[in-house]
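K.L.:
The structure follows.
Residue numbers (this note's numbering), protein chains in the order written: chain F, 584 to 1038; chain Y, 584 to 1038.
Here it is in structure tokens:
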């Protein structure tokens, strides 16, 4: 018993492991990894080179190697997989849960995938995996596993326990036993606790709960996560259009989904493409950032054109230049606030959501209120603290007011439009929209100034 | 069986429920809510007024009302709780899991809390709750429950099943049975599956797994989430400094933790204080946004001062004004990219993380590379496309280069400093830092211009 066995996970151990690999010190490698948890070994292998990883994997017991393989970082997997023998991968896949096997296979190109599939001997597993590969990656079907315990409603407790025994090796974690009819349609569930506490002859029919929550096989994984979170489910059965039980999703997979979706949103907001980690190379990190920065730079260069267009007015009223950052920054901030609220509400839809018109009116009210407060504040500072003409104060204040309204509108509409087209709406809080808002803000600012200052 | 019973969750039903409440149509209310899931009833009550919510809660069966109470939105709970009778709350708390009871109690003020506690009759539950209230809210102790199944290693399977039977009502979901010694120290776990498949006389000692992962009671909830996610745990035992088993955390609570932490980060990035939903009032939404917008506005006003300081130079070289948005926006974008990477890496610490020096050098390399590319690009556009003097192109390009370096530095350092002081580092990707970067960027831009253009 230990409070997480972390002591091996040191850079010192990593060095000694590397040396062990170089010296082909098989005893040391096997002994030092003995009893270390799968996730920890995977974390170690992620630090090694491709050939070192493979060397260690091949030294480990086959089931363990198979468990580790699916825990490897995707970057690392994509390097390791092509270098393994086809038969080797196939034999490891046979030892995985069907969903993990499908995940591994989906990382291969079409030709290599067919080669691996041809080597899989376990026909049942193979059919399960082939079925899973047919579903879209981000749906319930794409993340479910075929390993679950199914009991016919006419069985008794003893028959059900026998089924558990028969499947014990395949189904690692049992949360619920799903109850089906003769046509394998889902009728309900019975908990393992109830099975333990019931008499052997009790009919499943008499103890199962009917009101089980299931999800359709094509449901988006984010929606599945929302359902499991709302109803505090540890696992959820997946059914097809005919209500036939086709798989189950466990909450540990959902935990990954929630984390990944959150990371994706944050990356979209920060303007970083792809899943970058701090441990990636300088070039990789740079490559993921530069395109978004370039969008901003090109926007800035277009902004220079807009300002250049108003150069005459600017030369007459040089102070206009001073308030450019104020206008641009406020537009950006307002846009991000508005869009992130919409992104959140899109992620947690409810039956009581406002209608689009109500949404629009509420967004408008908030923008009017905030625009009025900020515009008024700026007017006061510009006139009474900075000592400018009142007409100049009115110009800056009302330009700010207009920019708040416009940016709110853009921040509200953009994620809704992106979402309609199946694009991650969180992008609306990122650099692309901020840049657009900057440009619109500049145009509004100078437009208002031309009008009010008679330039 | 249904694919999520959602049909009642319509605005039409809400209206008819409101009418039922007004007409005191108890039969209608009870019948229409019969069989509806706890989370769905809670979602309905969240849409009702405080007095309507309480009216419905009191019509429901006591256990159901207690289950619904803890599922209510916190805003709604804070309105409902003070209006309930002390004895009523106490009797509902008695029916909750200890962690939920502690959560409810922690929402009361000190005086009211004591009053409710005095009314709790169930001494065991009360002691459990009082223990939980002693732990910090965001730690393992603060989110664990006291309901779990504990078996002595000397017991056999029959004795363990009897314990499960005894606790069946208290412990709703059983994932693992935790094995302890006579001093109640955690030794390991045994799965329910193993209990079912073992012979009645089998000793627990002979079938339990020793290498169970546990978390210390003071561990931060985010770290607990990372541990459970890494090792795919559906529940984790919590131990005190003497390794005594004091509670367990289930993955459904962790799912909420992960979602909440992600929402918090996104809100910090977007510059929204407090947990705002689209359904909140105009005033509430505005109040959560205005302070952050004001920070931006005050920054903008300070920016105006900075630019005003360089007014002489600006009047000689008016085109300088045109590139203000370019410099400001790029600084902001670079800062957000750098800080969000650090925030992510802080959330998923690993033993193989780079040292601070390595981090710094890598950040510097990325910034040098990006700064060089962007500065060079801008130089080319400014000189060859826009037709400015080469010396002006060099000014804008090299100012941009400096801004990229500076903003990267700020974006990297700020979250690290915030984190050191126990503040959510995601704030570093929000408006406060963007504003600071804007100001620094302006100062650098004009500083470089003064120097190179001899203004």
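A virtual CB, placed ideally from N, CA and C, is assigned to each residue, including glycine.
1) Nearest by alpha-carbon distance to residue 833 of chain F: which of F:825, F:876, F:725, F:907 is it?
2) Which term fits residue 1017 of chain Y, buried or exposed, when burial requires 16 or more other beta carbons within 10 angstroms of its beta carbon?
3) What does residue 855 of chain F reach in chain Y if we use C-beta pairs closer than 8 Å?
4) Should the region 765 to 785 of chain F be called in touch with the region 822 to 842 of chain F, which here means at least 3 C-beta pairs below 8 Å?
5) Pop quiz: residue 901 of chain F and residue 909 of chain Y are said to be a contact at Cβ under 8 Å. What is the actual Cβ separation, rounded to whole angstroms?
6) Check each residue of the region 823 to 847 of chain Y: if its Cβ is closer than 9 Å to any Cβ of chain F, include it; give the result in chain order.
7) Between the region 837 to 844 of chain F and the region 836 to 847 of chain Y, are three or more C-beta pairs nearer than 8 Å?
8) Please report the straight-line C-alpha distance between residue 880 of chain Y and residue 888 of chain Y, rounded to a whole angstrom.
9) For residue 929 of chain Y, which of Y:727, Y:611, Y:1008 has the nearest alpha-carbon?
10) By the three-class DSSP mapping on this structure, what secondary structure does residue 922 of chain Y have?
11) Could you list which residues in chain F have their beta carbon closer than 7 Å to that of residue 733 of chain Y, in chain order?
12) Can you grab the Cα-Cα spacing for the pair residue 689 of chain F / residue 670 of chain F, in whole Å?
13) Against chain F, with Cβ distances strictly below 8 Å, would residue 916 of chain Y count as a contact?
14) Residue 776 of chain Y and residue 757 of chain F: beta carbons closer than 8 Å?
15) Please classify residue 768 of chain Y: does DSSP put it in a helix, a strand, or coil?
16) Quick check: the region 983 to 997 of chain F against the region 913 to 931 of chain F, are at least 3 beta-carbon pairs closer than 8 Å?
17) Give me the Cα-Cα distance between residue 946 of chain Y and residue 903 of chain F, rounded to the nearest whole angstrom.
18) Kindly confirm or deny that the region 707 to 722 of chain F and the region 801 to 815 of chain F touch, where touching means at least three C-beta pairs closer than 8 Å.
19) Quick check on residue 854 of chain Y: buried or exposed, where buried means 16 or more other Cβ atoms within 10 Å of its Cβ?
20) Pick helix, strand or coil for residue 796 of chain Y, following the three-state DSSP scheme.
21) Report the option in Y:813, Y:861, Y:677, Y:789 whose CA atom is closest to the CA atom of residue 938 of chain F.
22) Measuring CA to CA, which of F:643, F:609, F:611 is closest to residue 625 of chain F?
23) Kindly indicate the opening and closing residues of the beta strand (DSSP E) around residue 735 of chain F.
24) Listing by chain order, which chain F residues have their CB less than 9 Å from the CB of residue 993 of chain Y?
25) Name, please, each residue of chain Y whose Cβ falls closer than 7 Å to the Cβ of residue 1014 of chain F.
26) Quick one: what's residue 819 of chain F bridged to in DSSP?
27) Residues of chain F with CB closer than 7 Å to the CB of residue 669 of chain Y, please, in chain order.
28) In this structure, how does DSSP classify residue 1030 of chain F when only helix, strand and coil are distinguished?
29) Distance check for residue 813 of chain F and residue 966 of chain F, CA to CA, integer angstroms please.
30) Establish whether the CB of residue 559 of chain Y and some CB of chain F are separated by less than 8 Å.
31) With H, G and I counted as helix, E and B as strand and the rest as coil, what does DSSP make of residue 803 of chain Y?
32) Using a C-beta cutoff of 8 Å, does residue 1008 of chain F count as contacting chain Y?
33) Name the residue from Y:907, Y:959, Y:774, Y:976 whose alpha carbon lies nearest to the alpha carbon of residue 1029 of chain Y.
34) Below 8 Å between beta carbons: does that hold for residue 919 of chain F and residue 1025 of chain F?
35) To which residues does DSSP link residue 722 of chain Y through a beta bridge?
36) Rounded to whole angstroms, what's the CA-CA distance from residue 990 of chain F to residue 998 of chain F? Just pull it up for me.
P.N.:
Taking the definition as stated:
1) Residue mapping note: residue 833 of chain F aligns to position 250 of the first chain, counting from 1. The residue with the shortest Cα to Cα distance from residue 833 of chain F is F:725.
2) Counting from 1 along the second chain, the entry for residue 1017 of chain Y is found at position 434. Result: buried.
3) Along the first chain, one-based indexing puts residue 855 of chain F at 272. Those within 8 Å of residue 855 of chain F in chain Y are 920, 923, 924.
4) By the Cβ test, the region 765 to 785 of chain F is in contact with the region 822 to 842 of chain F, since at least three Cβ pairs between them sit closer than 8 Å.
5) Indexing the first chain from 1 puts residue 901 of chain F at position 318. Indexing the second chain from 1 puts residue 909 of chain Y at position 326. Contact between residue 901 of chain F and residue 909 of chain Y does not hold, since their C-beta atoms are separated by about 19 Å, which reaches or exceeds 8 Å.
6) Along the region 823 to 847 of chain Y, the positions whose C-beta sits under 9 Å from a C-beta of chain F are 826, 833, 834, 835, 836, 837, 838, 839, 841, 842, 844, 845, 846, read in chain order.
7) Yes: the two stretches touch, three or more of their Cβ pairs being nearer than 8 Å.
8) Counted from its first residue, the second chain places residue 880 of chain Y at position 297. Counted from its first residue, the second chain places residue 888 of chain Y at position 305. The straight-line gap from Cα to Cα measures roughly 13 Å.
9) Here residue 929 of chain Y is taken as the residue at index 346 of the second chain, counted from 1. Among Y:727, Y:611, Y:1008, the Cα nearest to that of residue 929 of chain Y is on Y:1008.
10) For the purposes of this step, residue 922 of chain Y is taken as the residue at position 339 of the second chain. Correct three-state label for residue 922 of chain Y: helix.
11) Along the second chain, read from residue 1 onward, the residue named residue 733 of chain Y stands at position 150. Those do not exist, as residue 733 of chain Y stays about 14 Å from chain F at its closest Cβ, beyond 7 Å.
12) As a working note, residue 689 of chain F is residue 106 in the first chain. As a working note, residue 670 of chain F is residue 87 in the first chain. Spanning the two alpha carbons is a distance of roughly 17 Å.
13) Taking the first residue of the second chain as position 1, residue 916 of chain Y is located at position 333. Taking Cβ atoms only, chain F reaches closer than 8 Å to residue 916 of chain Y, which makes this a yes.
14) Taking the first residue of the second chain as 1, we reach residue 776 of chain Y at position 193. Taking the first residue of the first chain as 1, we reach residue 757 of chain F at position 174. Remark: C-beta atoms of residue 776 of chain Y and residue 757 of chain F approach each other more closely than 8 Å.
15) Working through the second chain from its first residue, we reach residue 768 of chain Y at position 185. Strand.
16) yes
17) By one-based count along the second chain, residue 946 of chain Y stands at place 363. By one-based count along the first chain, residue 903 of chain F stands at place 320. Taking the straight line from one Cα to the other gives about 36 Å.
18) yes
19) Taking the second chain and counting its residues from 1, one reaches residue 854 of chain Y at position 271. So residue 854 of chain Y counts as buried.
20) Residue mapping note: residue 796 of chain Y aligns to position 213 of the second chain, counting from 1. If DSSP states are grouped into helix, strand and coil, residue 796 of chain Y belongs with the strands.
21) If you number the first chain from 1, residue 938 of chain F lands on position 355. Answer by Cα proximity: Y:861.
22) The residue labelled residue 625 of chain F in the question sits at position 42 within the first chain. Comparing Cα-Cα distances from residue 625 of chain F to each of F:643, F:609, F:611, the minimum goes to F:643.
23) The sequence position of residue 735 of chain F within the first chain is 152, counting from 1. Segment 733 to 735, the beta strand (DSSP E) holding residue 735 of chain F.
24) Counting from one through the second chain, the residue named residue 993 of chain Y turns up at place 410. Residues of chain F passing the Cβ test: none, with the nearest at roughly 15 Å.
25) On the first chain, residue 1014 of chain F is found 431 positions in, with the first residue counted as 1. Under the 7 Å cutoff, chain Y gives 916.
26) If you number the first chain from 1, residue 819 of chain F lands on position 236. Note: residue 819 of chain F sits in a beta bridge opposite F:832.
27) Stepping through the second chain from its first residue, residue 669 of chain Y is reached at position 86. Within 7 Å Cβ-Cβ: nothing; residue 669 of chain Y doesn't reach chain F, min ~28 Å.
28) The residue you call residue 1030 of chain F lines up with position 447 of the first chain. It is helical.
29) Mapped onto the first chain, residue 966 of chain F falls at position 383. Mapped onto the first chain, residue 813 of chain F falls at position 230. Cα to Cα, residue 966 of chain F sits roughly 53 Å from residue 813 of chain F.
30) Residue 559 of chain Y is absent from the structure shown; chain Y starts at 584 and stops at 1038.
31) Within the second chain, the letter at position 220 stands for residue 803 of chain Y. Strand, per DSSP.
32) On the first chain, residue 1008 of chain F is found 425 positions in, with the first residue counted as 1. Taking CB atoms only, residue 1008 of chain F has no neighbour in chain Y less than 8 Å away.
33) Counted from its first residue, the second chain places residue 1029 of chain Y at position 446. Of Y:907, Y:959, Y:774, Y:976, the residue nearest in Cα terms is Y:907.
34) Walking along the first chain from the start, residue 919 of chain F turns up at place 336. Walking along the first chain from the start, residue 1025 of chain F turns up at place 442. Not closer than 8 Å, so no.
35) Here residue 722 of chain Y corresponds to residue number 139 of the second chain, with the count starting at 1. DSSP lists Y:803 as partners of residue 722 of chain Y.
36) The count along the first chain starts at 1 and reaches residue 990 of chain F at position 407. The count along the first chain starts at 1 and reaches residue 998 of chain F at position 415. Whole-angstrom Cα-Cα distance: 13 Å.
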